[in-house]
Amino acid sequence: MTRRDPFSEIEDLFERMDRELEKIGPAFDGSRSPGVAVDVVETDDEVVVTADLPGFDADSIDVELHEDALTIAATRENEHDGAADTDTEASPDADDGPGATEPAEPRYHRHERRHGSASRRIPIPVAVDPDGTSATYDDGVLTVTLPKRSSDSDGHRIDVQ
């Protein structure tokens, strides 16, 4: 007589629930909701914004400066292009016809890495020079350097006669 393991049955249930929720999308899983963690540091000469954007390509990151705020937006494409999400095997008797050379689709046993987007609007605490702004992306970290606007460029003095 084989003894039932109630814990393995519960684990199987959770795995099935995860697979079904993945079909619906990441909106129901708060732990996967994208966000952009940032640091904003002001020095005498500049403001530096550092943002964590792991898993994004540099080409998929947009950075825009609008007067008193910096907007960072990034999108990640889904690497999964329609392969089955289940653990079911294709029938070994399946016949794709004579001379079929098309490779079989990969079978995902777990598919948690999702496509999606993340964005953040960051207020900039001081006036900055948009022409001197630069951005670099390295190892999942975006660094935007915004030089402060010099005090004499804040306005134009008009002499009163």
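Residue 348 in the numbering used here is what sits at position 51 of the sequence shown, and the numbering runs on without skipping anything. Ideal placement from N, C-alpha and C gives every residue a C-beta, glycine not left out. This one's a predicted model, so the numbers in the text were calculated from it and none came from an experiment.
Taking the alpha-carbon of V425 as reference, which of E306, V335, G352 and H363 has the nearest alpha-carbon? H363
Y405 versus R316: straight-line alpha-carbon distance, rounded: 11 Å
Between which two residues does the beta strand (DSSP E) harbouring P444 extend? V438 to P444
By how many angstroms is the C-alpha of T433 removed from the C-alpha of H412? 22 Å
I369: buried (16+ other C-beta within 10 angstroms of its C-beta) or exposed? buried
Distance check for D354 and T340, CA to CA, integer angstroms please. 29 Å
Given this structure, state the Cα-to-Cα distance separating M314 from P403, to the nearest angstrom. 22 Å
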